[in-house]
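1 is the number of the first residue of the sequence shown in this note's numbering; add one for each residue after it. Heads up: the structure comes next, in structure tokens.
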Amino acid sequence: MSVAKLLAAITPPPFVNEEYYDGLEYRWKIFVFRPALFKREAALLAVVLFYAAFFFYGSWRNTRKAKSWLGAHLPILNEQFSKPKFWIQDGYSDFVNFSTGRRNIASLHTIFAMKPRHDLLQYCFQLGRTFIDLHYRPQDDLQLDFKLSPDALAHDFVWAVVSKDELRWVKDNRWDLTFTKTSEHSGVASKFSVMSEFADVTDGVLKAYPLAKLLENPKIAPYFRSLSITDQPRERPAKPLLPKEREKHVILSLSVPSPSDASVTAEIVAACFPFIDSLSKIALRPETKAKLKKMRDETEKDLKKEAEKEKREEEAEALEAKKALKRKTEEERIAKLSAAEQKKALERERKRSMRKQQSKLAK
């Protein structure tokens, strides 16, 4: 199809002013406005205005929820940190607050990941997916990621208490928690599961701080997702971590409450600080420490093997690409030669291949 035909096909027909019009019209001097002639434009304008209203309302609602929660918890952060007011908005659904300057805590990242209320298409996609995937539950996620100081926790282990509604998501998205086994604990409410490497670790954590009693609060339960202690990255690393790259974290995961209930989670957020201070009191048996170390050594060996295998594959691919380029260059060079010279070159290549084959057989 030619360009002229294509333009003709997509060009709208010319406007034809009806000679007789008996609909509603507005006149002002030489101007005449007949609404019935602008039905398509009115529909398009309505769609644009609806989309814009959806965008601004969704953006406002996300910002309001994040700021309401932060405002309700700012007194706690002000009390605990020397620098708690570093606020960043990343787009219209992600917000971050950074705090630092406290004993046992190197830093705190408070991370909001809201539902895309500002994006009509993405919001409808998420809503539609909930009817297809019964396990998919989009929600306003809030993570308080406490990076611990080097001397805050002497032992290397992974431990978590998780709402049973979140177990599937946690197992699919937290590599560090694959070190653990999921179980029930008599000291923890039945609506929560404990993920621990060894029972000795669970006993040590629960004895150091009365966490189970805090989780019994019915006001906190609807918003609590998980609380974890980890010495491993949340995503599987491509290679073993260097000593300077290893960090220990306490991660509190919540659902963001509505602005009217923003202060409901203040109790558990405030409790995180004495909980972190109590980690230094955890005492583990020597055999537990040995098992934890053995598990980490085996993991590092596996990561090292995978990294070396991937490196060998990359080197083999690079070598093969280099050989292919060399062959292509040689073929292009031979193609430019005369017929007699091409025959000689092909004969030399044949003899070279035969010598290589004979040397392989001799070995």
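Where a beta carbon is used, it is the ideal one built from N, C-alpha and C, also for glycine.
- prompt: Considering only residues of the region 124-155, which uninterrupted beta strand (DSSP E) runs meet the minimum length of 3 residues and lie entirely inside it, listed in chain order?
  reply: 141-148
message: Between Q139 and S255, how many whole angstroms is the CB-CB distance? I'm expecting something under 8 Å.
response: Indexing the sequence shown from 1 puts residue 139 at position 139. Indexing the sequence shown from 1 puts residue 255 at position 255. That belief holds up - the Cβ atoms of Q139 and S255 are roughly 5 Å apart, short of 8 Å.
query: On the three-state DSSP scale, how would you describe F112?
result: Against the sequence shown, residue 112 aligns to sequence position 112. Note: F112 maps to strand in three-state DSSP.
- prompt: So A290 is in the alpha helix (DSSP H); what residue range does that whole segment cover?
  reply: Taking the sequence shown and counting its residues from 1, the one referred to as residue 290 is at position 290. 286-335 is the span of the alpha helix (DSSP H), which, as asked, contains A290.
- request: Rank A36, V170, K29 by C-alpha distance to the C-alpha of D22 and give the top, closest one.
  value: Here residue 22 refers to the residue found at position 22 of the sequence shown. Closest by alpha carbon: A36.
- prompt: What are the boundary residues of the alpha helix (DSSP H) that H73 is part of?
  reply: If you number the sequence shown from 1, residue 73 lands on position 73. It spans 39-80 - the alpha helix (DSSP H) in which H73 sits, taken as one unbroken run.
I276 in three-state terms, based on DSSP: Reading the sequence shown from its first residue, position 276 is the one you call residue 276. Note: I276 maps to helix in three-state DSSP.
- request: On a CA-only basis, which of K294, H135, P237, N104 is nearest E197? Give me that one, please.
  value: Position 197 of the sequence shown, counted from the start, is the residue given in the question as residue 197. The option with the nearest alpha carbon to E197 is K294.
message: Please classify G101 as buried or exposed, where buried requires at least 16 other C-beta atoms within 10 Å of its C-beta.
response: Along the sequence shown, read from residue 1 onward, the residue named residue 101 stands at position 101. G101 should be labelled exposed.
query: How would you label V32, buried or exposed, when you count the other beta carbons within 10 angstroms and need 16 or more for buried?
result: The residue you call residue 32 lines up with position 32 of the sequence shown. Burial call: exposed.
- prompt: Among the residues of its own chain, which have a CB less than 6 Å from the CB of A290, if the five just before and after it don't count?
  reply: The residue you call residue 290 lines up with position 290 of the sequence shown. Cβ neighbours of A290 beyond the five flanking positions: none.
query: beta strand (DSSP E) containing R225: first to last residue?
result: In the sequence shown, counting from the first residue as 1, residue 225 sits at position 225. Segment 224-230, the beta strand (DSSP E) holding R225.
message: Quick check on DSSP: helix, strand or coil for I30?
response: Locating residue 30 in the sequence shown gives position 30, where the first residue counts as 1. Coil, per DSSP.
task: Classify I229 as buried or exposed, calling it buried when 16 or more other Cβ atoms lie within 10 Å of its own Cβ.
output: Translated into positions along the sequence shown, residue 229 becomes position 229. It is buried - the Cβ of I229 has at least 16 other Cβ atoms within 10 Å.
task: Can you say whether W69 is buried or exposed, counting buried as having 16 or more other CB atoms within 10 angstroms of its CB?
output: The count along the sequence shown starts at 1 and reaches residue 69 at position 69. The residue is buried, with at least 16 neighbouring Cβ atoms inside 10 Å.
task: Find out if the Cβ-Cβ distance for the pair F157, L292 is shorter than 7 Å.
output: In the sequence shown, counting from the first residue as 1, residue 157 sits at position 157. In the sequence shown, counting from the first residue as 1, residue 292 sits at position 292. Cβ distance < 7 Å, so F157 and L292 count as in contact.
field: Touch test, the region 150-166 against the region 201-219, Cβ-Cβ under 8 Å, three pairs minimum
entry: yes
message: Cutting at 7 Å between CB atoms, please list the residues of its own chain near H249, excluding the five before and the five after it.
response: Mapped onto the sequence shown, residue 249 falls at position 249. The answer, listed in chain order, is D145, F146, K147, L148, T230.
- prompt: Just how far apart, CA to CA, sit L7 and F38?
  reply: Translated into the one-based positions of the sequence shown, residue 7 becomes position 7. Translated into the one-based positions of the sequence shown, residue 38 becomes position 38. The alpha-carbon atoms of L7 and F38 are separated by roughly 23 Å.
message: Classify L108: buried if its beta carbon has 16 or more other beta carbons within 10 angstroms, exposed otherwise.
response: Counting from 1 along the sequence shown, the entry for residue 108 is found at position 108. L108 should be labelled buried.
- request: Assign I10 to buried or exposed, taking buried as 16 or more other Cβ atoms, counted over all protein chains shown, within 10 Å of its Cβ.
  value: Here residue 10 refers to the residue found at position 10 when the sequence shown is read from its first residue. It is exposed - the Cβ of I10 has fewer than 16 other Cβ atoms within 10 Å.
field: CB of R117 within 7 Å of CB of N62, strictly
entry: For this step, residue 117 is matched to residue 117 along the sequence shown. For this step, residue 62 is matched to residue 62 along the sequence shown. Contact flag set, yes.
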